[in-house]
Every structure is written in C-alpha cells, then in structure tokens.
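Beneath this line is the structure, given in structure tokens, with notes to follow.
Numbering (our numbering), first residue to last: 39 to 406.
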C-alpha cells in the first residue's frame, strides 16, 4: 500500500502548483428562467502533471488486478495471434497497436491507464471546485484501484465523466459522440444515455424528492428487468453459479446512501437554478439506487460494475458540495466526513477484503 500512498502524495504536491483558482459562477437567463452557470477552467498542460505518479503506478504494474492474467493476458495473446478478441472494437485496435511495439501485454496496460487518467484529470481541471479534494476522492473512493482491474469499463467511465459539460450545456452532438466513444471501449457506456433523458424531464427537477421515492420503489421491477436483459446477452455469465451470491453489498449501499443524503441536504434548494447541482445530484441518486439492486440481482459483482460510471462522478460531486456549503464549520464537517467514509470503504474492500487484487503491488521492473 505504501507505493500507492506515495503516488497519491506526489500527485497532491504537483496539484498545489498546477491548477488555477476556483471558477466563479454567474447568473444568466435561459429559456425565460434564471439559471446559475458555473464557468470552467481553461485547459493548460500543467493540469495533467498530477496524473504522472498514478500513470507510473498503473501503467507499469505487473499482475495487478484479478483480470490481469485471467482475462487480459490470454485475450491479448489471442488477438495478436489472429483471434477474435473482445466485443469492443477500440479495445481490439488498441491491443493490435500495442502489438506493433512488442508481444508483451505491458504497452496495452500503459495505454489504457494513460487514456483513463487523461480523461479523469481533464475532467478534474475543468469541473472540480477543489482539484486537491478531487484527487483525494479519486484515490479514496476506490475508482483508481478499480481501473487496474475493470480496465475497459473504467476507460468508458472516464469518457462519460468528461461528457458532463456536454450534457449539462445541451451540446447534444458532442455528448452522444462521447457516449459512442465510451461504448466502443465498453458497452456499459451506453447506459449513461438514460441520464440524458431523465435530465431533460422537467418533472424530475421540479419534484426531485418524489422522483427519488418512485425510483426507489421501482427497484424490484428494475432488478428483474436487468436479469431478463442479462439473460439474453453475454453478461449472463454473471448469473452463473460461481459468480452469483446472496451477499448484499451493505457497505457499498450505506456509503452511497450517506453521500446522497448529504448531497440532497446541501443542494436541494440549488437544483432548480443550477444545472450542475441538479445533474450531480441526479447521478448520485442513480449511484445510490444501483447497489440496492443487489437485493434482487444475485450478483454483487455485476451490480458494482454497473455502478462504476456513476460513482466516478463523486470526485466532482464532493468538492461541489463543499463549495456550496455556506458555513465554514459545515464545509469542514463534510470534508472530514467524506474523507473518513471513503477511507473506511477503501480500507475494508481493498486492503482487508482484497477486492480487485491490487495488493501487494508489483511492477514490471521488479522494484516492488
């Protein structure tokens, strides 16, 4: 774990000097209604420097992630030998491109880590009210560790994260192009289209709490619907006996529920005028509902994978909550609560339970 902590601290130190001040908000009239619009930081290459420590760790890893030898190494060997490979075309193209350098799988893991981190840190620079906190949440919320195992889905999730402004600002073509791009890395990316339609329902913004209750009551139906869909797709293997369990991801459910409750308390008065607040709260609602599906779907593995594109937004949500909190003591309280909550979840799942197989760390050079 020491290697990961050193990487985090190095990234935080670089971030202290690489980001501009927090963008301000402005009030505009949109479609005859007052709207608070947040401005974005402009791109500069310095904003990418904090990703370097994470890239060194993730890009040069060896045997890290339960899918490393189980899925990716055999598939990479198969594709380079003329086999069919994955369903997602961009993944196969990336593997073939990596094969131009060497038959070793290392370039593939480096390139996927690079693509993932580029989109994550571009998003942090553009959207985050506090990049330092975003990087901390990126590490503590497990998504950094998850991407070393669920590679294709994590790349798709990072592209979805970057599509945030396109969805918020109604840049429809750009949004759908980014969703298609994410889907070419992993078809779970197309699931985010649901957010597009919900976001544009005026009823949801006006009656958000009521919509939340309706969505919660629909969980049994949604769970059975997902099982029906899974049974007719390649994801039916998640329903096979050795992947099913009766375990409900209680810790995952509770921490998402706590984050949602805090988010609603802070943003409930802001969502009608601020589309950033509304969209982030909506995504967190979905991120809270999906883990509860584990009561119905007999595969916690599938449920947590399904939630990945949504839970990734927490690195933007938490700094936004802190920024929107009016009292200084409340800001400190939210910051400490979130850090402690995420730290506990990461310790329990990554360190104690050994999820995703990221410990102990090993690199291709044999230094660790």
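From the three backbone atoms N, C-alpha and C, an ideal C-beta is built for every residue, glycine too.
- Here the alpha carbon of residue 344 sits roughly 31 Å from the alpha carbon of residue 369.
- Proximity of the region 293-303 to the region 369-384 meets the contact definition, three or more beta-carbon pairs being nearer than 8 Å.
- Going by beta carbons, residue 84 and residue 51 fall outside the 7 Å limit.
- Straight across, the Cα-Cα distance linking residue 191 with residue 386 is about 23 Å.
- Separation of the CB atoms of residue 341 and residue 355 is rounded to 20 Å, and the pair is thereby denied contact status at 8 Å.
- Following the DSSP letters along the chain, one finds residue 339 inside the alpha helix (DSSP H) bounded by residues 338-349.
- Beta-bridge annotation (DSSP): residue 99 is paired with 401.
- By the Cβ criterion, the region 186-203 is in contact with the region 157-169, since at least three pairs of Cβ atoms, one from each stretch, lie closer than 8 Å.
- Short of 7 Å from the beta carbon of residue 228, and not among the five residues preceding or following it, lie these beta carbons of its own chain, in chain order: 217 and 221.
- In this model, residue 215 and residue 198 are separated by some 10 Å (Cα to Cα).
- Residue 373 and residue 49 have their C-alpha atoms spaced approximately 19 Å apart.
- Shown here, residue 115 sits in a helix according to DSSP, grouped into three states.
- The criterion of a C-beta distance shorter than 7 Å is satisfied by residue 396 and residue 183.
- As the crow flies, the alpha-carbon of residue 177 is around 10 Å from that of residue 47.
- The DSSP assignment places complete alpha helix (DSSP H) segments of no fewer than 4 residues inside the region 205-273 at 210-223, 231-237, 240-244, 246-255 and 257-269, in order along the chain.
- In this structure residue 384 is buried. Its beta-carbon is surrounded by 16 or more other beta-carbon atoms within 10 angstroms.
- Nearest in C-alpha terms to residue 101, of all of 117, 122 and 142, is 142.
- If you draw a 10 Å sphere on the C-beta of residue 126, you find 16 or more other C-beta atoms in it, and that means buried.
- Assignment of residue 326 by DSSP, reduced to helix, strand and coil, places it in the helix class.
- When Cβ pairs closer than 8 Å are counted between the two stretches, the region 309-320 is seen to touch the region 236-252, the count reaching three or more.
- The Cβ neighbour count for residue 325, taken over all protein chains shown within 10 Å, is at least 16; the residue is labelled buried.
- Under the criterion of beta carbons closer than 8 Å, residue 186 and residue 99 qualify as touching, at roughly 6 Å.
- Between residue 357 and residue 168, the CB-CB gap stays under 7 Å.
- In the structure shown, residue 188 falls within a coil segment according to DSSP collapsed to helix, strand and coil.
- Within the model, the alpha-carbon separation for residue 247 versus residue 42 is close to 39 Å.
- Going by DSSP, residue 383 is part of the alpha helix (DSSP H) stretching over 366-384.
- Here residue 289 carries a helix assignment [DSSP, helix/strand/coil].
- By the neighbour-count criterion, in which 16 or more other beta carbons inside 10 Å mark a residue as buried, residue 113 falls on the buried side.
- For residue 152, the uninterrupted alpha helix (DSSP H) run begins and ends at 144-165, by DSSP.
- Taking the Cα positions, residue 188 is about 14 Å away from residue 148.
- Residue 175 and residue 264 have their C-alpha atoms spaced approximately 29 Å apart.
- Excluding its 5 nearest sequence neighbours in each direction, residue 249 has C-beta neighbours in its own chain below 6 Å: 242, listed in chain order.
- Here residue 401 has 98, 99 and 100 as same chain residues with Cβ atoms under 7 Å from its own Cβ, once five neighbours each way along the sequence are excluded.
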